[in-house]
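Undergrad: Residue 186 in full-length UniProt numbering sits at position 186 of the sequence shown, and the numbers go up by one each step. No residue lacks a Cβ here, since even glycine has one placed at the ideal position from N, Cα and C. Okay, here's the structure, questions in a sec.
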Amino acid sequence: MLAGIIGGTGQMGRFFAEVFEAAGWETIVSGTKTSLTARAVAETADLVMVSVPIRATVDVIREVAPLLSDEQVFCDLTSLKVEPVRAMLASRAEVIGLHPMFGPGAASLRGQTIVATPARCSPETLEGLLSVFRDQGAAITLSTPEDHDRMMAVIQGLTHFGTLAKAEAIRRTGADVAETLRFTSPVYRIEMGLVGRLLAQDAGLYGDMLQMNPAVPEVLAQFEEAVRTLREIIESGDAERFREFFAANAGHYASYLRAATEETDDLISHVVSR
Numbered sequence: 001m002l003a004g005i006i007g008g009t010g011q012m013g014r015f016f017a018e019v020f021e022a023a024g025w026e027t028i029v030s031g032t033k034t035s036l037t038a039r040a041v042a043e044t045a046d047l048v049m050v051s052v053p054i055r056a057t058v059d060v061i062r063e064v065a066p067l068l069s070d071e072q073v074f075c076d077l078t079s080l081k082v083e084p085v086r087a088m089l090a091s092r093a094e095v096i097g098l099h100p101m102f103g104p105g106a107a108s109l110r111g112q113t114i115v116a117t118p119a120r121c122s123p124e125t126l127e128g129l130l131s132v133f134r135d136q137g138a139a140i141t142l143s144t145p146e147d148h149d150r151m152m153a154v155i156q157g158l159t160h161f162g163t164l165a166k167a168e169a170i171r172r173t174g175a176d177v178a179e180t181l182r183f184t185s186p187v188y189r190i191e192m193g194l195v196g197r198l199l200a201q202d203a204g205l206y207g208d209m210l211q212m213n214p215a216v217p218e219v220l221a222q223f224e225e226a227v228r229t230l231r232e233i234i235e236s237g238d239a240e241r242f243r244e245f246f247a248a249n250a251g252h253y254a255s256y257l258r259a260a261t262e263e264t265d266d267l268i269s270h271v272v273s274r
């Protein structure tokens, strides 16, 4: 089998080229500086994978979609799925949307999650592709493109928005980051590590995840209302209202509380033993 990765010279493209090669596939890649073109990849490979920035993905898919036959498989690696999958369905190929829930800095697929949104493919084709990832340790979550994007509005949109809002609030207080770390608890250091980790990445990636997912605004509206409600409870000084608020949320997360405590205890132990 021949896997062709459009955008394969980027970090994520190189990562998946190595994944396919480890599974015994041949690979070809195209990029902005390669002699091999996206068109050549689309016309040659058994599996054509698009691995380009979010804002460019649909345009690249539309460019190559007419070249594919019904004997090929068409995939993308974008963190949004509705529009890329819709664009891939304009081709004659079998279509499977993919979203790796990790960055290209991962050492391997072991312990990582990949969300797959099969849109038009045989069970054999789907299993043949997903087995490549499972055999290297990945966990697969199946979803529809619509459910995927709604879930990403929470998992990525809300999480990244909250992290950026926290960074901005600390900046506005004028607090020196290094100085706060002199007073820190392990939990605060972990929280600040997540802020610093995000801010060390590419702004364009996070901007696209927040601005291009149509499900994000509704989630952010809920976040804004939650902040408003909690602030009003805190400023009221009413201890009973705070307990009710806390209990309502503890009840919602009840099935996760033990695992969350155990996982964060492991993180705290690692931080304090460094």
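#1: Identify the continuous alpha helix (DSSP H) that holds Ser-143 and give its terminal residues.
#2: Label Thr-141 either buried or exposed according to how many other C-beta atoms from any shown protein chain fall within 10 Å of its C-beta, with 16 as the threshold for buried.
#3: Going straight from the alpha carbon of Asp-202 to that of Ala-239, what length do you get?
#4: Identify the continuous alpha helix (DSSP H) that holds Val-95 and give its terminal residues.
#5: Apply the 10 Å Cβ neighbour rule to Gln-222 and answer buried if 16 or more other Cβ atoms are within range, or exposed otherwise.
#6: Consult DSSP for Glu-71 and reduce its assignment to one of helix, strand or coil.
#7: Is it the case that the region 104-111 contacts the region 125-142, given that we only count it when at least three CB pairs across the two stretches are under 8 Å?
#8: With a threshold of 8 Å, are at least 3 pairs of Cβ atoms found where one atom belongs to the region 154-167 and the other to the region 50-66?
#9: Roughly how many angstroms separate the alpha carbons of Ile-233 and Ser-79, rounded to a whole number?
#10: If you drop the 5 nearest sequence neighbours on each side, which residues of the same chain put their C-beta closer than 6 Å to that of Glu-263?
#11: Can you tell me which residues form a DSSP beta bridge with Glu-26?
#12: Mark Pro-214 as exposed unless 16 or more other C-beta atoms lie within 10 angstroms of its C-beta, in which case mark it buried.
#13: Indicate whether Ala-17 and Ser-30 have their beta-carbon atoms separated by less than 7 Å.
#14: Return the chain-ordered list of same chain residues with a C-beta closer than 7 Å to the C-beta of residue 275, the five sequence neighbours on each side being excluded.
#15: Taking the alpha carbon of Arg-86 as the point to measure from, which residue in Leu-205, Ala-248, Tyr-188, Glu-146 has its own alpha carbon closest?
#16: Relative to the alpha-carbon of Val-82, which residue among Leu-129, Ala-153, Leu-36, Thr-113 has its alpha-carbon at the smallest distance?
#17: Mind listing, in chain order, the continuous beta strand (DSSP E) runs of no fewer than 3 residues lying wholly within the region 114-199?
#18: Can you tell me which residues form a DSSP beta bridge with Leu-47?
TA: Here's the rundown:
#1: No alpha helix (DSSP H) holds Ser-143; DSSP gives it neither H nor E.
#2: exposed
#3: 42 Å
#4: Here Val-95 belongs to no alpha helix (DSSP H); instead the beta strand (DSSP E) covers 94-100.
#5: exposed
#6: coil
#7: yes
#8: no
#9: 36 Å
#10: none
#11: Leu-2
#12: exposed
#13: no
#14: The first residue shown for the chain is 1 and the last is 274, placing residue 275 beyond what the model contains.
#15: Glu-146
#16: Ala-153
#17: 139-142
#18: Ala-3, Val-73
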